[in-house]
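Inspection log for the structure reproduced underneath, given as structure tokens.
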Amino acid sequence: MTVTISPGKISGTARIPGSKSHTIRALVIAGLAEGRSVIRAPLESEDTAACVRILRNLGVEIIEERTESGELAQLVVQGAGPWLREPYDELDCGNSGTTLYLALSLVALQSFPVRLTGDEQLQRRTALPLLEALVSMGARVEYHGKKGCVPLTIQGPIRGGEVSISCPTSQYLSSLLLAAPLSPRGITINVPLLNERPYVGITLGWLQGQGIHVDRDDWSRFTVAGGQGYSAAEVDVPADFSSGTFLLVAAAITGSDLMVTGLDMEDSQGDKAVVGMLRNLGCRIDDVRNPVGLAVGGGSLSHLPGGEIDLNATPDALPALAILGTCCDAPLRLINVPQARDKETDRIAVMASVLKSLGGRADELPDGLIVHPVRLSGGTADSFGDHRVAMALAIAGLCATGPVTTTNAAVAAVTFPGFYRLLESVGATIEVVEP
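Take the sequence shown: its position 85, counted from the start at 1, is 84 in numbering that gives the first Met the number 0, and no numbers get skipped.
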């Protein structure tokens, strides 16, 4: 699918869908619980569909309940308990790194072999530190391609114990934390390196909600007692700040007034820090409580001064903020985010490339990007199969001097299936060409 977006302002109200991070954690916990759980307002996307598919393959019953208009209202999950069913087929994680990393520890608790795979992008993303930690606790791993990557076969059961693991992605740690209560002996995790701390905070919040205590020494050592279990529950999924970032930035760079509903500043998601980043650049964003959301007050482009932003805790914001940097009065340095090179794409290199193709200029750093204040002229750029790059290119079309055409644009559905429809509903001029 090819999408062309023309320059212009937006206005009105944009409802942000449920959080991917919360939805997948809710699904995993419900799947491992005994009894009936209800997950209200979940995200429906390719990533969450991958998680549902894998859990069903492991014996978890999941029913999708929809509204009269066909929107997913809630998921009803009949958990399998901690001991899952041996799958009838390999577990295909699609493009979902979150699903893969969380699944690795959960299937390592089982006594049967499980083969996992994913799409071409996921097969390039390493899980080696996590896999080595699981092996040290008794798992066996057979690689069917590159070491540390899927496709692979893993067999447990892990017994627990003490491990040391560097976490360039927080998902390694979240995976071990979610598995730890179900292990016979519990797990102590030493973490000399941890990026993306707020995402671990989300996981800790879910464990706390289950009554599971995590004893931790700052962010460097975590201990969870074993022999525990998860309980069925009814939960609500908050809106996704990672997705909402694109709407917030779109309003800021076009001087638009926009109400973005569903985003709750009291939630634990790390990407809510983007609101503070935008405010520090002069954007007016008001926290609204009824309904819950954020009101962007249409700041002028001339009031975006540039500067330096540390994105270690919020790497998913890099593509959107790279577009914002082109509208600043001075260079915008996006730093301390080396893990952005190991997402669906090398987002540092890809964003430097697409900005250049649209008339902008950016310099790569080993751990970030310097975006120069050069207004984009428009043109055509590819998403490189990365959903966040596709959405960044969409908002680039709003602030460029000419239209921006994105090829391979359908990939936005990985986390935000209704993204282009939502942009159009708030006034964006969009032309979609299906293949």
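All residues carry an ideal CB built from backbone N, CA and C; glycine is no exception.
Limits of the unbroken beta strand (DSSP E) element including Met258: Run containing Met258: 256-260, per the beta strand (DSSP E) assignment.
8 Å Cβ shell around Leu303 - same chain, five flanking residues per side excluded: The residues are Ala251, Ile252, Leu280, Gly281, Cys282, Leu323, Cys326, Cys327, Asp328.
Delimiting residues of the beta strand (DSSP E) encompassing Asn189: Residues 186-189.
Classification of His212 by the beta-carbon crowding that lies within 10 angstroms, buried from 16 upward: By the neighbour-count rule (16 or more Cβ atoms within 10 Å), His212 is not buried but exposed.
Beta-bridge partners of Arg332, as assigned by DSSP: Glu307, Ile369
Where Tyr419 falls: helix, strand or coil (DSSP): Here Tyr419 sits in helix by DSSP.
Cβ neighbour criterion (16 or more within 10 Å) applied to Val432: That one is exposed.
Simplified DSSP state of Tyr87, which is helix, strand or coil: coil
Gly305 to Leu277 span [Cα, whole Å]: 10 Å
Extent of the continuous alpha helix (DSSP H) run through Asp118: Per DSSP, Asp118 belongs to no alpha helix (DSSP H) and is neither H nor E.
Pick from Asn311, Pro416, Val295, Leu177 that is closest to Ala32, judged by C-alpha positions: Leu177
Given Pro372 as reference, the closest of Gly261, Ser169, Leu331 once Cα atoms are compared: Leu331
Thr1 - partner residues in DSSP beta bridges: Val432
Tyr87 burial status per 10 Å Cβ neighbour count (16 or more: buried): exposed
Residues sharing a beta bridge with Ile284, DSSP: As a beta-bridge residue in DSSP terms, Ile284 pairs with Val295.
Cβ-Cβ separation, Pro290 to Ile4 (assumed contact under 8 Å), whole Å: In fact, because the Cβ distance is near 27 Å, the residues do not count as touching under 8 Å.
Straight-line gap, Ile14 to Glu265 (C-alpha atoms, nearest Å): Contrary to the premise, residue 14 reads as Arg rather than Ile in this sequence. In a straight line, the C-alpha of Arg14 is about 17 Å away from that of Glu265.
Which listed residue (Val27, Ala319, Gly80) has its alpha carbon closest to that of Ala391: Ala319
Buried versus exposed call for Lys271 [16 or more other C-beta atoms within 10 Å across all chains shown]: Around the C-beta of Lys271, 16 or more other C-beta atoms lie within 10 Å, and the residue is accordingly described as buried.
Distance cut-off 7 Å: Asn279 Cβ against heavy atoms of the ligand ATP: This structure lacks the ligand ATP; in fact it carries no ligand of any kind.
Ala29, enclosing alpha helix (DSSP H) - first and last residue: 19-31
Spatial neighbours of Asp235 in its chain, beta-carbon cut-off 7 Å, leaving aside the 5 residues before and after: Arg39, Ala40
Leu192: first and last residue of the uninterrupted beta strand (DSSP E) it sits in: Counting along the chain, Leu192 falls outside any beta strand (DSSP E), and DSSP gives it neither H nor E.
Cβ-based burial, Arg484 [other Cβ within 10 Å; buried from 16]: The chain is shown from 0 up to 434; residue 484 falls before or after that span and cannot be answered.
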